Amino acid sequence: MTSVTTTTGNGPALQAQLDHVAGRIETIFESASAELFGLLEEAEAASTTLVTVAAIGGREGRARLNGAVEATQTHIERIEARYRYLTETAEALRAHASRLRGVLQEQARDMKLAALIATNARIVSSTVAASDGALARFANDVRELLEQAGDSMDQLRDQLRAADDKLASVSGPVQAMVARARELGRTRAELPTLMHQVTGDSTLDKAAQSAGAGMTDLMGALERAVSHLQAGDSARQRLEHVRSILKEAEDLDAVGRQVLETLAAAQMSAAVEALDRAVEATLPELAGIEKPWKATMGLMSALAGSATAQVLKEISVHSSNFAEGLAALETLRTKVGPDMAQIAELYSRGAETAMQVSHLEDRMNLLGINAILVSERCGDDGHAMTEVSRQLRSTTVQIGVNTRVIVELSNEQKEKAGLFQVAEAEDAQETTENDMIEQLRQDVEALSGALASMGQTFDWRSRRSPVEDVRQSLVYFAKDMSERLSLPPDRGKAVSVPNDRTRQVLDAIREIYTMQAERDLHDRILGVSPAATPPAAASPSAASEDDLDDVFFG
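According to this note's numbering, the sequence shown is numbered sequentially starting from 477.
Here is the structure:
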């Protein structure tokens, strides 16, 4: 492609052409390589994404998803049952609290009635001379016991009121737990249907495998194109050596200068010809990229926009909601726990206070029985007292019944409130379920994320060929070199070395070469056989113009 006009190869002209070629390498070859490197990285990322889709969407992946869904269902059912029970417990706490308030009101009325009857018994006992004051003592003892019981009942009422107030304060969090548990229930109902749409569809992994095959072809073409374009770095190094040759030529006489300019023209021509060959090798690779790129992008777009992808988004949302719901339930339970501990303690104290009233009731009951027995021994005179004593005993018996109900309800409240204090320990089955649920979340997020990534890649790459700019710039480079680069037609002919000074300079120049092709051309121009010239020590960066695998742009 390089022009072979008869333009004289003098130093300034060569320098101008050298600057032009170097500039084109900087702006075209380096940018083209950077573009293809970026595209190769995208292709590798897309290939990894396709592997993810194929693995999760394949037979084994779908089987794993099905198992995770079953575990999720079981776990949600377990969670639903647990919090449904806690909800029922909270409802029972409120119902029992209401019943306790009713019993306390009855107890207060019965104790007032008992106090009136005890007063009446003391008055009546004064009319029974044969009782020797025993009936009056019984009545006084009952009144004292009733006063003690009244104090205990006031204390009990305060304790239960405090428990009721505390119970009312946790109503909001408990209702929130109920709402969260219901949301989990809806998730459990919807998840299997959604998952079946994914796990029952075998096209996902097939499409991913097909796209993956196209991506493999694409990556191969990209790698070859990138390898060809590494010639730009080799040429840049060679042109720097040409620059050094021209600089050395400035210090020589006219004959020596002509020899070095001829050498410089030959080396520059060889560098440009190597670039021409790289362009010729790269353009077919770029043309080969077009078809697999469009096919792969089309498949990826279809996957990203498929109904399965939309379902996966829904499942991903469900999985996230499920995880958030579990965390929220535990947060709420932890928040309610300390309050429920206080409620349990208050009801425990109430039960103890109620037991004190129960003991007092037992003593009042015995006093009532004794009063009846003494009254009956007094004959007709004790008839009125007997009736009053029976009324007193009947009332204290009712007080005892209510007291036992209070004790029973208070103990039940204590036990039920205690259920909120600690989380249930996970058994081995539940641990396995949690692991599978986490696996489900990870797989679904990976799959939906991969499909979303496909969609994003396609969106900004689908409008035009990803390599069109590179192709056009390389075509322009070849055209520009052909039209603007003018080198002497005799640039490859051998020349003679006019003097020792020129020979010394040429020997020093040969030492700076980093590629064997440069040394071979140098020797050919100067008419030196390879056997007569000891090879230069190979530098780490030395490479032929066609051996560039380790050269990259920096």
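For each residue, glycine too, the CB sits at the ideal point set by N, CA and C.
Quick caveat: nothing in here was measured; it's all calculated off a predicted structure.
Apart from the five residues just before and just after residue i, which ones in its own chain have a Cβ nearer than 6 Å to its Cβ?
i	result
residue 1003	970
residue 639	819, 822 and 823
residue 878	579, 582 and 583
residue 841	872
residue 528	922 and 926
residue 650	566
residue 924	788, 789 and 792
residue 504	949 and 953
residue 806	none
residue 778	none
Please list, in chain order, all residues of the same chain as residue i whose beta carbon is under 7 Å from its beta carbon, the five residues on each side excluded.
i	result
residue 929	525
residue 590	622, 868, 871, 872 and 875
residue 901	Note on residue 901: pLDDT 47, under 50, position unreliable in the model; no value is reported.
residue 839	621
residue 500	953 and 956
residue 553	664
residue 997	742, 743 and 746
residue 811	649
residue 700	761
residue 865	597, 844, 847, 848 and 851
residue 748	478, 497, 957 and 961
residue 715	494, 497, 498, 744 and 747
Using C-beta distances below 8 Å, list every residue in its chain close to residue i, excluding the 5 sequence neighbours before and after it, in chain order.
i	result
residue 691	519, 522, 523, 526, 768 and 772
residue 859	851
residue 659	797 and 801
residue 984	724
residue 919	532, 537, 540, 541 and 544
residue 686	775
residue 486	737
residue 512	698, 701, 702, 705, 943 and 946
residue 595	615 and 619
residue 641	none
residue 694	519, 765, 768, 769 and 772
Got a sec, what are the start and stop residues for the alpha helix (DSSP H) residue i sits in?
i	result
residue 595	535-601
residue 848	783-853
residue 495	487-500
residue 952	944-960
residue 768	730-780
residue 716	707-725
residue 969	No alpha helix (DSSP H) holds residue 969; DSSP gives it neither H nor E.
residue 894	859-894
residue 981	976-988
residue 997	992-1001
Counting contacts by CB-CB distance shorter than 8 Å, is residue i in contact with chain B?
i	result
residue 795	The chain inventory of the structure shown lacks chain B, comprising one protein chain alone.
Inset, instruction - With a floor of 3 residues, list each beta strand (DSSP E) that falls wholly inside the segment 621-666, ordered by position along the chain. - result: none
Inset, instruction - Determine contact between the segment 749-764 and the segment 727-740, defined as no fewer than three beta-carbon pairs at a distance below 8 Å. - result: no
Inset, instruction - Pair every Cβ in the segment 827-844 with every Cβ in the segment 564-571, then say whether three or more of these pairs are closer than 8 Å. - result: no
Legend entry - the segment 987-997 in contact with the segment 783-798 per 3-pair CB rule at 8 Å: no
Inset, instruction - Evaluate contact between the segment 880-899 and the segment 492-508, counting only Cβ atoms and requiring at least three cross-stretch pairs below 8 Å. - result: no
Legend entry - the segment 654-668 / the segment 591-601 touching (three or more Cβ pairs under 8 Å): no
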